[in-house]
Amino acid sequence: MTLPLLKPGPMYYKGIYHLFYQYNPNGSLWGNIIWGHSVSTDLINWIRLEPALDRTTPSDNNGCWSGSATILAPDSPVILYTGSDSSNRQVQNIAFPVNLTDPYLTKWTKPAYNPLIEPVGDLNSSEFRDPTTGWVGKDNLWRIAIGAELQGKGAAILYKSKDFVNWVRAKDPLHSSSASGMWECPDFYPAVAEGDGSETKYVLKMSLTETGMDYYMLGKYEEERDAFVPDNVVDDYRLWARIDFGKFYASKSFFDPQKHRRVLYGWSSESDSASDDVAKGWAGIHTIPRTIWLDNSGKQLLQWPIEEVESLRKDEVHLQDIELNTGAVFEVKELKEASQADVEAEFELYNLERAEPLDPNWLLDPQKLCEEQSASAPGGVGPFGLLLLASDDLVEHTAVYFKVYRSSSRPGLYKPAYGGFLDVHLQKERKISLRTLRCCPVVLERATLTEAVLPNRAREPRSNVRGFGRDRSLERYGSERCGGRGDRKGEEFREAVAREVQDNDGYGARVHRRGVPEAEVALLEVVPRGDGFGGPITKKCLPAVMQLPCLEDLALAGCLGINDQALLSLKQGCMSLGVLDVSNCQHVTHLGLSSILSRAPGLCQLNLVYFCPLLLCSLLNLWPAAYRNSRNCSQSD
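Going letter by letter, the sequence shown gives residues 1 to 637 in full-length UniProt numbering.
Right, here's the structure in full:
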């Protein structure tokens, strides 16, 4: 089966759920796009039918692209879709079912009067696509929005019609923004909070090609002006709310009248190369459908896998009262097929007062923050969570975790949940829950991240699930190591990372353990090749070394290959670093050391033999006094 799936179009009709999607019948790469069609009675088990739309007319002979289904009164479904015509213009077409008594809607027909809408005037013929589901205004006119780029602005162009065939462009877009370019696959709908439904906001969702992600705005729909007015105008798309923080794009929602809920589908392109897609014979998947609704605060959307997913559960494993000390890793051995699992975990938190402050700059690039402070770096509160698709030696694993930050306490300050950060209040309950759906090779977590994971060593059904905690709020300063010597699982994790360090070093450096058992690598020294001076250790091996979860002592004395650029590349290992020796590192300057000091809150000893004394005073001003005092250190150290 050659099946590149993307840009879903769902619909419910006469007891049947329909899923339309862009489909290449001739291969696993993008091209020859037509509309695939599958049906289901429960949104879980699907039957693939013959394609609904093919490239058969001048208005779509270069591709039947994305669009939407709409149910017209009385109970008559239609499809609006973008066609790439003979001139490669993007035009909007309509299709009707051949037989309305057929609940599967297996055959569709296109009228000769297509296309209905063409890119004229200021519209760019190559940036004009993806019509939304229609809605009716108080004037009984149908409305749709089409994604576009107008004079460098992303826009949802509004059209009106009496009969869903003859369309007139509105004077102004439904909404536009100079914060981004082209808006693909727009979606527009009301979202209701749980309860009496008195809190209702409108959602305008768009997909941005420059990031490959879906974003949304909450606001009100001023029907008299046919305008969407967002609650907050943000001029940087990086600060827009995201539908999902992972491999999730071109999402589409529909209202399910059977269960009175809004259901959201998305497309995950995974991360395979084109050659990988050709080899496996397919590309892209649709994510597990999720229910979506408005948070009671009215400030963000909430999502949860549809309840039908629970019908797939079997062989339930229930564990409770598990204590995860700092550095501990707990294996859930009872799971028989961990490569496919629905895992719910609840964590009880302590010492919330030790949560680190939230740096607003992180909101602009949360992915960079995750790269610099990964699951192996202990923080004030967290990280803690699950290790999924884990090989026995933990060389391969996927970490799904929380880390708690302290946001501003100023009253009335809006602290939104965007860019990978979720605004929650933990002071009362002091508990946080995590639900993870694993349908190998994709992981879906709540709040919400969809990510493709393609392991080499953890492919077998027995690949494990583990809970872990690397919470500095549970750790005593001093000689105690993260995880403790009796914590075998913690030792296995550190052994695995140490081997990775050696494998990644192509310059003859070796990892040397000083006076500690083989498995305990909390004290670590990087020794140059040869006599210990001037060896060719470069920045290539250092980032891997500094990812060790509990590194406290790093000796780099005399390593001429170490320079400022190497120190600037050090990431999460800085968090636990207590001692750093850069004596006689002639290429290390004030720039590199100031970077370390600003990111190593626990550093209490810095060896700087032969370092320029004129720069020492300015360096000491960067030293975090709060941590220094807590470890009984002074500037003289």
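Even for Gly, the Cβ is constructed at its ideal location relative to N, Cα and C.
Bear in mind the structure is a predicted one, so any value in this text is a computation, not a measurement.
query: Backbone CA spacing between V278 and N24 [nearest angstrom]; result: 12 Å
query: The stretch 98–114 contacting the stretch 124–141, beta-carbon criterion three pairs below 8 Å; result: no
query: Selected residue, minimal CA-CA separation from A193, among D295, K205, A227 and Y401; result: D295
query: Sequence-distant residues of its chain with Cβ nearer than 8 Å to K201 (five each side left out); result: P190, A191, L218, G219, K220, D231, L294 and G298
query: Touch test, the stretch 322–336 against the stretch 55–72, Cβ-Cβ under 8 Å, three pairs minimum; result: no
query: Residues sharing a beta bridge with G219, DSSP; result: Y202 and P230
query: Where G9 falls: helix, strand or coil (DSSP); result: strand
query: Delimiting residues of the alpha helix (DSSP H) encompassing A279; result: A274 to K280
query: Environment of G385 [buried if 16+ CB atoms lie within 10 Å]; result: buried
query: Closest Cα partner of H175 within the set T291, L158 and P383; result: L158
query: Expected contact under 8 Å - CB spacing of M213 and R242 to nearest Å; result: 6 Å
query: V400, DSSP secondary structure in three states; result: strand
query: Whole-angstrom C-beta distance between L437 and V309, which should lie under 8 Å; result: 7 Å
query: Selected residue, minimal CA-CA separation from V168, among L19, Q92 and R313; result: Q92
query: Bridge-paired residues (DSSP) for G83; result: C64 and V91
query: H286 - partner residues in DSSP beta bridges; result: W267
query: For R48, the first and last residue of its enclosing beta strand (DSSP E); result: W46 to R48
query: Beta-carbon proximity check, W327 vs A355, cutoff 8 Å; result: First, the amino acid is wrong: residue 327 is Gly here, not Trp. Contact: no.
query: Endpoints, the beta strand (DSSP E) within which W304 is located; result: L301 to P305
query: Under 8 Å between C-beta atoms of T211 and M182; result: no
query: Cβ shell of I16 (< 7 Å), same chain only, five flanking positions each side left out; result: V39, T41, P103 and Y104
query: Rounded straight-line distance, which links the Cα of D359 to that of residue 658; result: Coverage of the chain is limited to positions 1 through 637, which leaves residue 658 absent and any answer about it impossible.
query: Counted within 10 angstroms of its Cβ, other Cβ atoms place K110 as buried (16 or more) or exposed; result: buried
query: L239 and V165 closer than 8 Å at C-beta; result: no
query: In DSSP terms, what I71 is bridged to; result: P77
query: Buried/exposed call for G83, threshold 16 Cβ in 10 Å; result: buried
query: Close beta carbons around A52, own chain, < 7 Å, minus the five adjacent residues each side; result: F20, W35, H37 and W108
query: Where E149 falls, given that 16 or more other Cβ within 10 Å makes a residue buried; result: buried
query: Local Cβ density within 10 Å of N114, reported as buried at 16 or more and exposed below that; result: buried
query: Where P360 sits in the DSSP three-state scheme; result: helix
query: Distance between F96 and F188 (C-alpha atoms, nearest Å); result: 23 Å
query: Reduced DSSP secondary structure (H/G/I, E/B, other) of I33; result: coil
query: C-beta atoms of Y215 and V203 nearer than 8 Å; result: no
query: Extent of the continuous beta strand (DSSP E) run through Y249; result: Y249 to D256
query: Residue environment, D321, which counts as buried when at least 16 other CB atoms sit within 10 Å; result: exposed
query: For S273 and D365, the rounded distance between their alpha carbons; result: 25 Å
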